[in-house]
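Student:
There are 2 protein chains.
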Amino acid sequence: MFPKGFRVGGVRSGIHKKEGKKDLALFVSDVPANAAGMFTKSVVKAAPVLVDIERMKNGGKISAIIANSGCANACTGAKGIKDAKTMCVETEKAFNLKAGSALCASTGVIGQYINMPKFANGIELLKSAVGISSKNENDAVSAIMTTDTFLKKTSKRFKVKNGEITVWGCVKGAGMIHPDMRGLHATMLSFILTDAQIENKTLQKILENAADDSFHCVSVDGDTSTNDTVIVLANGQSKTGGLSPADTKKFAEALNEVTLSLAKMIAKDGEGATKFVEIEIKNAKTKEDARKIGATIATSPLFKTALFGADANWGRALAAAGRAGVNFNPEKVDIYMGGICVFKNGTALNFSEKSAKKALLKKEVKAVLDLKNGKASLKYYTCDFSYDYVKINGDYRS
Amino acid sequence: MFPKGFRVGGVRSGIHKKEGKKDLALFVSDVPANAAGMFTKSVVKAAPVLVDIERMKNGGKISAIIANSGCANACTGAKGIKDAKTMCVETEKAFNLKAGSALCASTGVIGQYINMPKFANGIELLKSAVGISSKNENDAVSAIMTTDTFLKKTSKRFKVKNGEITVWGCVKGAGMIHPDMRGLHATMLSFILTDAQIENKTLQKILENAADDSFHCVSVDGDTSTNDTVIVLANGQSKTGGLSPADTKKFAEALNEVTLSLAKMIAKDGEGATKFVEIEIKNAKTKEDARKIGATIATSPLFKTALFGADANWGRALAAAGRAGVNFNPEKVDIYMGGICVFKNGTALNFSEKSAKKALLKKEVKAVLDLKNGKASLKYYTCDFSYDYVKINGDYRS
Numbered sequence: 006m007f008p009k010g011f012r013v014g015g016v017r018s019g020i021h022k023k024e025g026k027k028d029l030a031l032f033v034s035d036v037p038a039n040a041a042g043m044f045t046k047s048v049v050k051a052a053p054v055l056v057d058i059e060r061m062k063n064g065g066k067i068s069a070i071i072a073n074s075g076c077a078n079a080c081t082g083a084k085g086i087k088d089a090k091t092m093c094v095e096t097e098k099a100f101n102l103k104a105g106s107a108l109c110a111s112t113g114v115i116g117q118y119i120n121m122p123k124f125a126n127g128i129e130l131l132k133s134a135v136g137i138s139s140k141n142e143n144d145a146v147s148a149i150m151t152t153d154t155f156l157k158k159t160s161k162r163f164k165v166k167n168g169e170i171t172v173w174g175c176v177k178g179a180g181m182i183h184p185d186m187r188g189l190h191a192t193m194l195s196f197i198l199t200d201a202q203i204e205n206k207t208l209q210k211i212l213e214n215a216a217d218d219s220f221h222c223v224s225v226d227g228d229t230s231t232n233d234t235v236i237v238l239a240n241g242q243s244k245t246g247g248l249s250p251a252d253t254k255k256f257a258e259a260l261n262e263v264t265l266s267l268a269k270m271i272a273k274d275g276e277g278a279t280k281f282v283e284i285e286i287k288n289a290k291t292k293e294d295a296r297k298i299g300a301t302i303a304t305s306p307l308f309k310t311a312l313f314g315a316d317a318n319w320g321r322a323l324a325a326a327g328r329a330g331v332n333f334n335p336e337k338v339d340i341y342m343g344g345i346c347v348f349k350n351g352t353a354l355n356f357s358e359k360s361a362k363k364a365l366l367k368k369e370v371k372a373v374l375d376l377k378n379g380k381a382s383l384k385y386y387t388c389d390f391s392y393d394y395v396k397i398n399g400d401y402r403s
Numbered sequence: 006m007f008p009k010g011f012r013v014g015g016v017r018s019g020i021h022k023k024e025g026k027k028d029l030a031l032f033v034s035d036v037p038a039n040a041a042g043m044f045t046k047s048v049v050k051a052a053p054v055l056v057d058i059e060r061m062k063n064g065g066k067i068s069a070i071i072a073n074s075g076c077a078n079a080c081t082g083a084k085g086i087k088d089a090k091t092m093c094v095e096t097e098k099a100f101n102l103k104a105g106s107a108l109c110a111s112t113g114v115i116g117q118y119i120n121m122p123k124f125a126n127g128i129e130l131l132k133s134a135v136g137i138s139s140k141n142e143n144d145a146v147s148a149i150m151t152t153d154t155f156l157k158k159t160s161k162r163f164k165v166k167n168g169e170i171t172v173w174g175c176v177k178g179a180g181m182i183h184p185d186m187r188g189l190h191a192t193m194l195s196f197i198l199t200d201a202q203i204e205n206k207t208l209q210k211i212l213e214n215a216a217d218d219s220f221h222c223v224s225v226d227g228d229t230s231t232n233d234t235v236i237v238l239a240n241g242q243s244k245t246g247g248l249s250p251a252d253t254k255k256f257a258e259a260l261n262e263v264t265l266s267l268a269k270m271i272a273k274d275g276e277g278a279t280k281f282v283e284i285e286i287k288n289a290k291t292k293e294d295a296r297k298i299g300a301t302i303a304t305s306p307l308f309k310t311a312l313f314g315a316d317a318n319w320g321r322a323l324a325a326a327g328r329a330g331v332n333f334n335p336e337k338v339d340i341y342m343g344g345i346c347v348f349k350n351g352t353a354l355n356f357s358e359k360s361a362k363k364a365l366l367k368k369e370v371k372a373v374l375d376l377k378n379g380k381a382s383l384k385y386y387t388c389d390f391s392y393d394y395v396k397i398n399g400d401y402r403s
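Same order as they appear, the protein sequences are chains U and Z. So for the first sequence, the working numbering puts the first residue at 6; every next one is plus one. So for the second sequence, the working numbering puts the first residue at 6; every next one is plus one.
1) What is the C-beta distance between valine 36 (chain Z) and glycine 10 (chain Z), in whole angstroms, given that I count them as a contact (C-beta under 8 Å)?
2) Output, in chain order, the set of chain U residues within a Cβ distance shorter than 7 Å of aspartate 226 (chain Z).
3) From the beta carbon of valine 49 (chain U), is the nearest beta carbon of chain Z less than 8 Å away?
4) I'd like to know if valine 395 (chain U) contacts chain Z, where contact means its C-beta is closer than 8 Å to some C-beta of that chain.
5) Within this structure, are the beta carbons of valine 235 (chain Z) and leucine 208 (chain Z) separated by less than 8 Å?
6) Of the residues U:Thr310, U:Ala30 and U:Val94, which one's Cα is nearest the Cα of histidine 21 (chain U)?
7) On a Cα-Cα basis, can you pick out the residue from Z:Ala77, Z:Ile71 and Z:Val114 that is closest to glutamate 95 (chain Z)?
8) Out of U:Ile58, U:Gly168, U:Asp316 and U:Asn101, point me to the one whose CA is closest to serine 68 (chain U)'s CA.
9) Would you report the Cα separation of alanine 41 (chain Z) and methionine 193 (chain U), rounded to the nearest angstrom?
10) Can you list, in chain order, the residues of its chain whose CB lies under 6 Å from that of glycine 188 (chain Z), leaving out five sequence neighbours each side?
11) Quick one: does cysteine 80 (chain U) have its CB under 8 Å from some CB of chain Z?
12) Taking only beta carbons into account, state which residues of the segment 33-66 of chain Z come closer than 7 Å to chain A, listed in chain order.
13) If we count the other Cβ atoms within 10 Å of its Cβ and call it buried at 16 or more, is alanine 77 (chain U) buried or exposed?
14) Identify whether serine 403 (chain Z) lies in helix, strand or coil by the three-state DSSP scheme.
15) For lysine 23 (chain U), does the three-state DSSP call read helix, strand or coil?
16) What does the Cβ neighbour count give for leucine 376 (chain U), buried or exposed, with the cut at 16 atoms within 10 Å?
17) Where are the alpha helix (DSSP H) runs, 4 residues long or more, that stay fully inside the segment 47-129 of chain U, in chain order?
18) Candidates Z:Ser18, Z:Lys23, Z:Lys27 and Z:Ser34: which alpha carbon is nearest glutamine 242 (chain Z)'s?
19) What does a CB cutoff of less than 8 Å around aspartate 153 (chain U) pick up in its chain, not counting 5 residues either side in sequence?
20) When you compare only the Cα positions, how much space is there between valine 172 (chain U) and phenylalanine 196 (chain U)?
21) Measuring alpha carbon to alpha carbon, tell me which of Z:Phe390, Z:Ala381, Z:Val373 and Z:Gly330 ends up nearest valine 48 (chain U).
22) Determine the DSSP secondary structure at arginine 17 (chain U), reduced to helix, strand or coil.
23) Please identify, using Cβ separations under 9 Å, the residues of the segment 114-135 of chain U that lie next to chain Z, in order along the chain.
24) Asparagine 332 (chain Z): which of Z:Ile298, Z:Glu358 and Z:Tyr341 sits nearest, CA to CA?
25) So, does the CB of glycine 399 (chain U) fall closer than 8 Å to a CB anywhere in chain Z?
26) Using C-beta distances below 7 Å, list every residue in its chain close to alanine 326 (chain Z), excluding the 5 sequence neighbours before and after it, in chain order.
27) Identify each residue in the segment 308-331 of chain U for which the Cβ-Cβ distance to at least one residue of chain Z is less than 9 Å, and report them in chain order.
28) Rounded to whole angstroms, what's the CA-CA distance from glutamate 336 (chain U) to threonine 352 (chain U)? Just pull it up for me.
29) For alanine 353 (chain U), would you say it is in contact with chain Z, using Cβ-to-Cβ distances shorter than 8 Å as the test?
30) Does chain U have any CB closer than 8 Å to the CB of tyrosine 392 (chain Z)?
31) Would you mind listing the alpha helix (DSSP H) stretches within the segment 135-166 of chain Z that are 4+ residues and don't spill past its ends, in chain order?
32) Determine the DSSP secondary structure at lysine 380 (chain Z), reduced to helix, strand or coil.
33) For the putative contact between serine 391 (chain Z) and valine 225 (chain U), defined by C-beta atoms under 8 Å, what is the C-beta separation to the nearest angstrom?
34) Using a Cβ-Cβ distance cut-off of 8 Å, determine whether serine 357 (chain Z) contacts chain U.
35) Is the separation between the beta-carbon of asparagine 205 (chain U) and that of asparagine 39 (chain U) shorter than 8 Å?
36) Any beta carbon of chain Z sitting closer than 8 Å to that of proline 335 (chain U)?
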């Protein structure tokens, strides 16, 4: 399912050093679209992030997103900014778009410049490589992948009063994942396209809410990136007109579904991951308390290596919760690992290590911490920490 | 060099499951000693930590520390507290010490009870196993080791007006190391013995200052433990009397040297570590800013795996600094890796990758970030992140 009035594509420009790897993607709307965006809150922001923030600040319409892999264009100073702007301007020229209507995004090695002659070559190739087929979609999504091992895209279609609306989204990200686009704390790039007609402010608010329960509930390694970017384009080409409150709610639900689905894919494809882990924090005092505890457990190397070993080492989860900066009473806590209650009211239970091991050897594992300290609950998503994480990241640049 | 008036020793009681492993240590003073202590700030505090805090709160004299490995006695509820108290009381009885004058400490698996019959057996063995020889020292230190691969002890002797004073210290800790005994954020156990005569309040202050530049500047994996404990006993048996301000300063310097030396040993013995890493944050606005950045870089899995691969991936250090919650201008930053300037005034330099690789293949590696944002500097200590860390922690309990 693809929204009306968009074309996408991906080509090999040569920016990414790996032979044959597609590395330049374009997402373009037939008409200028409303847009919402969220970017890394890191003090060290990559050039494309700085350029996009600048281009979006006046709330104008956006027609295209050009994105490359293989080079993050981060920590590249004035030349980096110039290159990012050139990427936007050349995209506008090649596709006859209004000046100022293209955004850019990059992911890859930090501290290197984009190879601009190769970029120019890529833009030429893109002219005849964008469309609406599944192949076009897959080319675009694969062009933004780095250490990702599978394509991450999803879509949702729903009926509204005057017809139907489609929300399509993709994401890349497997390492340096701990998105913080709110002021807490990936390279995560996510582009979401919809043919709904919805104004910028409402779109931004719906996106921020959706990110809170999805991208901000996922961590692979705790490392927030310089390049995190989520952009939504809403071009109105469903021709369903402005949305009623009820339909706006439906839209928000669809966006929630799309972002949550994409966020889970990131955790499933965590660098070197052998399993997907859902950590549910129940009955915290506030949602932010639950998020802090979820994030601390999800980024604990001790907890993550224990899961790799299928070891029901719940003590490491509780120890991580204890250092999360949240007040709670350990004497009241219940803990479940792989569906087995291992700790009840502050006391370790005699559980079957064999059953626990069996449960934790599965590809999808759940841990639950019930704090009995309030009414706020939240699910946090991550993966285990394996030999391959070390291998992948021990020599990523070469 | 060993301070006067102390005896130490270590035996195998059987609390630790590993065949033949010494697991019970005693540090005892001939006379009741003044004492200072620092403990984990985690919400989840192990039973021995809770018992020691209670026993020290009225500032009384301390004669002994009994410490075991193999079981953390953490998350063990009321029975855990009772067992920790019994450890203290049985030590007092066995060594004819005043009631309330023994402290206890534990390290090992969370959520299991101490095997008390085995403990009782251990105390009997300790009666004839404490002394002042190097062998006694080594037995005591090895009895508190868990995944540690070498004995961590050091000492310092200095002259004062009326004679000489000795400060002796030991530490255990290789994983779950990110001590936070201040209210920021190991199992780290450190016991420091001195024959100086110094009152509790001054001793506590000197200890807290020393920890700030040593134990609070070291992280192996970012995981703060439920059991972190540092205890200093000062028994006055040097017979040098109360210290002059100048001699107090000398004492503080000696304690700083001892704690820094022990902290560095922890980083060198980080679980699975192949190299020792010193991260110097220069010219931060405040020391706490420098500590936050140091800690964020030192706990970044991406930075640590890059070092394992001897990859001068400075971008990961800068990305980590960017998410540390500290404001600075990336355009002003200089970065050195292994003594080579790789980033100057916000711009990547063309450095020799070959030379950088050579420098980073060494057993001791330095990284420097000069923020040019103030006058505060700090050195933070850590290690790289290897396959063996995953191996060690993937199945620690079994």
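Ideal placement from N, C-alpha and C gives every residue a C-beta, glycine not left out. Nothing here was measured: the structure is a model prediction, and the numbers come from that model.
Tutor: From the atom records:
1) 6 Å
2) Pro306 and Leu307
3) yes
4) yes
5) no
6) U:Ala30
7) Z:Ile71
8) U:Asn101
9) 47 Å
10) Interpretation of glycine 188 (chain Z) is limited by its pLDDT of 35, a score under 50 that renders its predicted location unreliable; the figure taken from the coordinates is listed afterwards. Once the five neighbours on either side are set aside, the close Cβ partners of glycine 188 (chain Z) are Lys46.
11) yes
12) Absent from the structure is chain A; the protein chains it does hold are U and Z.
13) buried
14) In this predicted model, serine 403 (chain Z) has a pLDDT of only 46, less than 50, meaning its place in the structure is not dependable; the value taken from the coordinates is given anyway. DSSP places serine 403 (chain Z) in coil when its eight states are reduced to three.
15) coil
16) buried
17) 52-61 and 82-99
18) Z:Ser34
19) Lys177, Gly178, Ala179 and Asp274
20) 11 Å
21) Z:Gly330
22) coil
23) Val114, Ile115, Gly116, Gln117 and Tyr118
24) Z:Ile298
25) yes
26) Ile298, Thr301, Ile302 and Leu374
27) Phe308, Lys309, Thr310, Ala311, Leu312, Phe313, Gly314, Ala315, Asp316, Ala317, Asn318, Trp319, Gly320, Arg321, Leu323, Ala324, Ala325, Ala326, Gly327, Arg328, Ala329, Gly330 and Val331
28) 7 Å
29) yes
30) yes
31) 139-148
32) coil
33) Their Cβ separation, rounded to whole angstroms, is 18 Å, which puts serine 391 (chain Z) and valine 225 (chain U) out of contact at 8 Å.
34) no
35) yes
36) yes
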